[in-house]
Structure formats: C-alpha cells, structure tokens
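Just so we're aligned: the sequence shown equals residues 125 to 219 in this note's numbering.
Don't be surprised by glycine CBs; every beta carbon is placed ideally from N, CA and C.
Being a predicted model, the structure only gives us computed values, none of them experimental.
Working notes for the structure below.
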Amino acid sequence: MKVAHSFVHINIHWGEFCGSVERTEKNIPIKDAEEKETTVYRYHVQLRGYKPFTLFKCIDTNQWLDYSKIHTSISRHVIYYTKKFIDEFEMKNEL
C-alpha cells in the first residue's frame, strides 16, 4: 500500500550535477471542452550552476507534463536527467 506524501525533499548528487528538488501537490486547470482540474506534482528544482526551474507530473497518469516556461539556459539534457533521477528516487522509495 502506497502512502501519499504531499511534500517530498529530494537531493540529487551525481558529480557536478547536484542540488535539491522539492515536490508538492498542486491543482491545475486543463483546457479542453470541459473546465476541469487535475492534481499534479510540482517539482521545484535548484541545481548548482543553473537557474531554478519547475517541472510538473500528472498524479493519475504518472506522466511528465510539457512546461514551456523553463529558462532557455536549462538544456534538454539537464531536464532529461533531472526527470530520470526523480523517477528513480520515487521508484526506490515507493512514492
């Protein structure tokens, strides 16, 4: 049985790629025919040497949502590995 955690603190440390991630729950509206909301995890990422950025993951589908407001200095490579480390942490800790 999984326990719901509304706030989780994750430390990433892989060579020069290190920093913290804070996960919180947030309701966001979905634009479609019906006005409705879905609950997502909001990941606030602060990696050393990079501007802070935010990622979103749908709780129901466990899929990452596209978020275009990430600063252009953050490469797709950094975003990819951040998501990978978060996914591995959540699987390891059954979150």
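| Query | Result |
| --- | --- |
| Pick out whichever of 141, 142, 161 has its Cα sitting closest to the Cα of residue 150. | 161 |
| For residue 182 and residue 148, what's the separation of their Cα atoms in angstroms? | 12 Å |
| Inspect the beta-carbon positions of residue 142 and residue 136 and report whether they are closer than 8 Å. | yes |
| For residue 189, is the classification buried or exposed, using 16 other Cβ atoms within 10 angstroms of its Cβ as the cut-off for buried? | exposed |
| Run through DSSP, which three-state label would residue 185 get? | coil |
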